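Novice:
2 protein chains.
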Amino acid sequence: MESQPYAIQSVEKAITILKAFGHDKPEWGVSELARHLGWHKSTVSRLMATLEKGGLLTRNTESEPYRLGVELIGLAAHVISYLDLREVARPLLRDLAQSCQETVNLVVLDGSQVVNLEQFVPPERLVKNIGWVGKRMPIHCTAAGKVLLAHLPPSRLDRTLPAELACFTPHTVTSPDDLRRELSLILRQGYATVTEEMEVGLNAVAVPVFDHAGRVQSSITVAGPAYRVTADRYPTYAQALRTTAADISRRLGNRDVWTM
Amino acid sequence: MESQPYAIQSVEKAITILKAFGHDKPEWGVSELARHLGWHKSTVSRLMATLEKGGLLTRNTESEPYRLGVELIGLAAHVISYLDLREVARPLLRDLAQSCQETVNLVVLDGSQVVNLEQFVPPERLVKNIGWVGKRMPIHCTAAGKVLLAHLPPSRLDRTLPAELACFTPHTVTSPDDLRRELSLILRQGYATVTEEMEVGLNAVAVPVFDHAGRVQSSITVAGPAYRVTADRYPTYAQALRTTAADISRRLGNRDVWTM
DNA sequence: AGGTGCGTTGCATAATACGCAACATGGTTG
DNA sequence: CAACCATGTTGCGTATTATGCAACGCACCT
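Quick note, the sequences are listed as chains C and G, same order.
All residue numbers for the first sequence refer to this note's numbering, where the first residue is 23 and numbers rise by one.
All residue numbers for the second sequence refer to this note's numbering, where the first residue is 23 and numbers rise by one.
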């Protein structure tokens with residue numbers, strides 16, 4: 023699933039173009055994107071025109087930059103993976119963000135990375151919308167990643183855990199043995215934390231979300247700056263997260279929520 | 023914007039494949055999709071493998087069908103058109119669906135069609151999730167379409183209104199003159215309705231949503247079966263819609279809401 | 001066992017995507 | 001005003017690559 027031996031190059035190029043649009047750069051002109059990617063501008067012009075024809079890109083006039091198109095909203099709505107989870111979790115996570123006054127995320131495992139499915143920032147903290155929905159993150163130094171790792175069956179843990187744990191900050195755990203010890207602790211205490219392990223100044227707490235069959239397929243997190251999300255507050259956040267996770271589980275049809 | 027003279031064929035094919043996935047058919051095998059599209063299965067296999075490599079499609083194992091991939095969620099989250107509108111409207115529309123016990127939609131204009139951005143079905147009515155997010159509909163025989171048409175400047179109305187109004191049911195208004203007369207009425211009465219004009223058995227009421235600058239860029243609708251959403255109830259639905267629309271407007275930063 | 005269906009892949013070649021170069025447009029500067 | 005620069009588009013020829021054929025491995029069924 024990870025290594026694809028062959029791909030159609032022009033389709034790959036189109037996908038690369040789509041992925042150039044993001045929170046930091048939501049608009050691209052043809053020439054500037056061509057320079058950015060190192061491709062000829064006529065190639066980029068034709069690829070973008072094709073994506074525009076299909077509704078995946080849009081722009082107002084020929085002299086204005088392209089943006090992602092509305093067709094993507096329709097496609098995303100038909101992504102059935104996690105569809106119930108997202109619908110069910112949204113209002114609950116919004117409430118949680120409001121009550122704990124920090125950013126709240128819904129995170130799932132995808133290959134050897136985790137992906138942010140939803141993010142809620144309390145309005146009072148919206149000084150900077152960091153736009154993390156869809157963002158992929160390393161599994162070993164995110165709180166959600168650790169929770170999801172901790173709940174994997176051992177055979178799958180071996181396959182999922184990267185052989186080398188990349189170092190992002192001086193606090194990143196890069197020893198697989200250290201991480202495995204921590205995963206055992208996470209299972210016992212019921213939540214995971216990161217203290218500036220992925221990004222200096224960013225801490226997070228995460229708990230598992232059990233689906234209708236009692237499996238852990240996702241995690242919800244509270245994240246914020248290290249000066250606010252401090253270690254002495256981790257248990258409090260964990261408790262609030264656990265309450266919300268139980269609500270989500272219950273709504274997903276899990277009958278064992280009260281025994282968790 | 024509508025007619026693109028040239029497109030890269032393999033990219034077009036890839037887009038066609040993505041659009042084959044929808045509410046009615048969220049999963050496709052390689053061979054069945056190849057048959058459906060009339061393409062050779064090796065072509066389809068390679069296109070889908072490329073889309074899988076890019077995260078736009080996914081599947082568990084080689085013998086299982088493909089589904090749309092999580093990367094689309096990230097792309098959709100970066101569609102900046104209407105981003106604020108969707109965020110702001112979601113909770114309000116959920117409440118409205120619950121209180122009026124019918125399906126509620128958020129709709130925008132895109133070219134000469136309207137597109138559903140959001141849809142909320144009250145849980146008690148979820149006998150059939152019709153999956154309309156992203157769905158494109160004709161502009162002349164949908165309540166939201168009529169509202170959006172009614173609020174267009176005359177020059178843009180001429181350009182947007184199709185020369186021929188397609189007929190969908192015996193009730194569809196197909197005379198441009200009749201439709202223009204109705205648009206004047208809609209402006210005066212403040213809401214639009216369709217009575218089985220797009221689909222037999224489906225009625226809807228729609229009102230405009232004014233953005234921060236007082237322009238009408240979207241519409242919200244209540245829709246339901248003709249036996250429940252009856253003409254004598256249209257004004258009641260319109261009033262509820264108007265209240266919600268005013269809330270949305272206010273949150274979008276419109277200061278003139280109380281004078282609407 | 002044979003038959004059927006699925007999805008993948010090596011290969012050759014026809015088709016097409018690509019880069020060049022020219023063009024039209026808009027904006028800026030002297 | 002003309003010259004210059006930037007943008008994005010497009011005709012053209014050809015090198016590259018996407019495509020279809022055919023074969024294969026695998027799973028399932030009779």
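Even glycine gets a Cβ: it sits at the ideal position worked out from N, Cα and C.
Only a predicted model underlies this, so the values are computations on that prediction, with no experimental measurement involved.
Between C:C122 and C:A262, is the Cβ-Cβ spacing less than 8 Å?
Specialist: On the first sequence, position 100 is the one that residue 122 of chain C refers to. On the first sequence, position 240 is the one that residue 262 of chain C refers to. Yes, these two residues count as a Cβ contact at 8 Å.
Novice: Is C:G246 helix, strand or coil by DSSP?
Specialist: For this step, residue 246 of chain C is matched to residue 224 along the first sequence. Note: C:G246 maps to strand in three-state DSSP.
Novice: Using a C-beta to C-beta distance shorter than 8 Å, which residues of chain G count as neighbours of C:I270?
Specialist: For the purposes of this step, residue 270 of chain C is taken as residue 248 along the first sequence, with counting starting at 1. Correct list: empty, because the minimum Cβ distance to chain G is about 15 Å.
Novice: In angstroms, rounded to a whole number, what distance separates the CA positions of C:W50 and C:P87?
Specialist: Residue numbering aside, residue 50 of chain C sits at position 28 when the first sequence is read from its first letter. Residue numbering aside, residue 87 of chain C sits at position 65 when the first sequence is read from its first letter. Whole-angstrom Cα-Cα distance: 5 Å.
Novice: Straight-line CA distance for G:T194 to G:A214?
Specialist: The residue given as residue 194 of chain G occupies position 172 in the second sequence. The residue given as residue 214 of chain G occupies position 192 in the second sequence. In a straight line, the C-alpha of G:T194 is about 14 Å away from that of G:A214.
Novice: Run the CB neighbour count on G:I208, radius 10 Å, all protein chains shown included, and call it buried at 16 or more, exposed below.
Specialist: Within the second sequence, numbered from 1, the residue matching residue 208 of chain G stands at position 186. Buried, since its Cβ has 16 or more Cβ neighbours within 10 Å.
Novice: Run through chain G and tell me which residues come within less than 8 Å of C:R89, C-beta to C-beta.
Specialist: Counted from its first residue, the first sequence places residue 89 of chain C at position 67. What C:R89 touches in chain G: V101, I102 and S103.
Novice: Give the range of the beta strand (DSSP E) segment to which G:D46 is assigned.
Specialist: Residue mapping note: residue 46 of chain G aligns to position 24 of the second sequence, counting from 1. Note, G:D46: premise wrong, no beta strand (DSSP E); not H, not E.
Novice: In terms of residue numbering, what span does the alpha helix (DSSP H) encompassing G:M70 cover?
Specialist: What you label residue 70 of chain G is simply residue 48 of the second sequence in a count that begins at 1. Per DSSP, G:M70 belongs to the alpha helix (DSSP H) from K63 to K75.
Novice: In three-state terms, what does DSSP make of G:P198?
Specialist: Start at 1 with the first residue of the second sequence, and residue 198 of chain G comes out as number 176. G:P198 falls in the helix class under three-state DSSP.
Novice: Just to confirm the assignment, what range does the beta strand (DSSP E) spanning G:T258 have?
Specialist: Locating residue 258 of chain G in the second sequence gives position 236, where the first residue counts as 1. It is not in any beta strand (DSSP E) - G:T258 instead sits in the alpha helix (DSSP H) that spans Y256 to R273.
Novice: Which two residues bound the contiguous alpha helix (DSSP H) that contains G:Q123?
Specialist: Here residue 123 of chain G is taken as the residue at index 101 of the second sequence, counted from 1. Here G:Q123 belongs to no alpha helix (DSSP H), and DSSP marks it neither H nor E.
Novice: Closer than 7 Å: is that where the CB of G:G167 sits relative to any heavy atom of the ligand ATP?
Specialist: Among the components modelled here there is no ligand, and therefore nothing to report on the ligand ATP.
Novice: Strictly under 8 Å for the Cβ-Cβ distance: is C:A262 near chain G by that measure?
Specialist: Translated into the one-based positions of the first sequence, residue 262 of chain C becomes position 240. C:A262 does not count as touching chain G.
Novice: Between the alpha carbons of G:A185 and G:V130, how many angstroms are there, rounded?
Specialist: By one-based count along the second sequence, residue 185 of chain G stands at place 163. By one-based count along the second sequence, residue 130 of chain G stands at place 108. Taking the straight line from one Cα to the other gives about 21 Å.
Novice: Against chain C, does G:V231 count as a neighbour if the rule is that its beta carbon must be under 8 Å from one of theirs?
Specialist: Residue 231 of chain G sits at position 209 when you count from the first residue of the second sequence. So no, G:V231 is outside the interface.
Novice: Beta carbons nearer than 8 Å to chain G: which residues of the segment 57-73 of chain C have them?
Specialist: Per Cβ criterion, the list reads R68, L69, A71, T72 and L73.
Novice: Only counting the same chain, and skipping five residues up and downstream in sequence, which positions put a Cβ closer than 6 Å to that of G:G91?
Specialist: Taking the second sequence and counting its residues from 1, the one referred to as residue 91 of chain G is at position 69. Only G77, L78, L79 and T80 meet the Cβ criterion.
Novice: With distances taken between CB atoms, is the gap from C:R89 to G:S241 smaller than 8 Å?
Specialist: Position 67 of the first sequence holds residue 89 of chain C. Position 219 of the second sequence holds residue 241 of chain G. No, they are not a contact pair.
Novice: Rounded to whole angstroms, what's the CA-CA distance from C:H173 to C:L274? Just pull it up for me.
Specialist: The residue labelled residue 173 of chain C in the question sits at position 151 within the first sequence. The residue labelled residue 274 of chain C in the question sits at position 252 within the first sequence. Approximately 18 Å, taken between the alpha carbons.
Novice: Below 7 Å between beta carbons is the criterion; list the residues of the segment 32-45 of chain G that meet it against any residue of chain C, in chain order.
Specialist: Residues S32, V33, E34, A36, I37, L40, F43, G44 and H45.
Novice: Grouping DSSP H, G and I as helix and E and B as strand, with all else coil, what is G:P176?
Specialist: Taking the first residue of the second sequence as 1, we reach residue 176 of chain G at position 154. Helix at G:P176.
Novice: Is DSSP giving C:D106 helix, strand or coil here?
Specialist: Locating residue 106 of chain C in the first sequence gives position 84, counting from the first residue. Of the three classes helix, strand and coil, the one that applies to C:D106 here is helix, per DSSP.
Novice: Cutting at 7 Å between CB atoms, please list the residues of its own chain near G:M70, excluding the five before and the five after it.
Specialist: Taking the first residue of the second sequence as position 1, residue 70 of chain G is located at position 48. If we look at G:M70 and ignore the five residues flanking it on each side, its Cβ neighbours are I39, V52, L79 and Y88.
Novice: Between C:H117 and chain G, is any beta-carbon pair separated by less than 8 Å?
Specialist: Residue mapping note: residue 117 of chain C aligns to position 95 of the first sequence, counting from 1. The question names His, but residue 117 of chain C in the sequence shown is Asp. No, its Cβ sits nowhere closer than 8 Å to a Cβ of chain G.
Novice: Counting only runs of 4+ residues fully inside the segment 135-163 of chain C, write out the alpha helix (DSSP H) ranges in chain order.
Specialist: If we require 4 residues or more, the segment 135-163 of chain C turns out to have no alpha helix (DSSP H) run fully inside it.
Novice: For G:V33 versus C:T243, is the C-beta distance shorter than 8 Å?
Specialist: The count along the second sequence starts at 1 and reaches residue 33 of chain G at position 11. The count along the first sequence starts at 1 and reaches residue 243 of chain C at position 221. No. Outside cutoff.
Novice: In the DSSP output, what is G:V229 paired with across the bridge?
Specialist: Here residue 229 of chain G refers to the residue found at position 207 of the second sequence. The partner list for G:V229 (beta bridge, DSSP) reads G:I242.
Novice: What are the residues of the segment 204-225 of chain C that lie near chain G, defined by any Cβ-Cβ distance shorter than 9 Å?
Specialist: So nothing in the stretch comes that close.
Novice: Considering Cα atoms alone, identify which of G:V222, G:T164, G:W154 and G:L183 is closest to G:V229.
Specialist: Counting from 1 along the second sequence, the entry for residue 229 of chain G is found at position 207. Per the Cα distances, G:T164.
Novice: My output table needs one value for G:T38: the three-state DSSP class, helix, strand or coil.
Specialist: Reading the second sequence from its first residue, position 16 is the one you call residue 38 of chain G. Residue state, collapsed to three classes: helix.
Novice: Against G:I30, what residues of chain C qualify as contacts under a CB-to-CB distance less than 8 Å, listed in chain order?
Specialist: As a working note, residue 30 of chain G is residue 8 in the second sequence. Under the 8 Å cutoff, chain C gives S32, A36, R68, L69 and T72.
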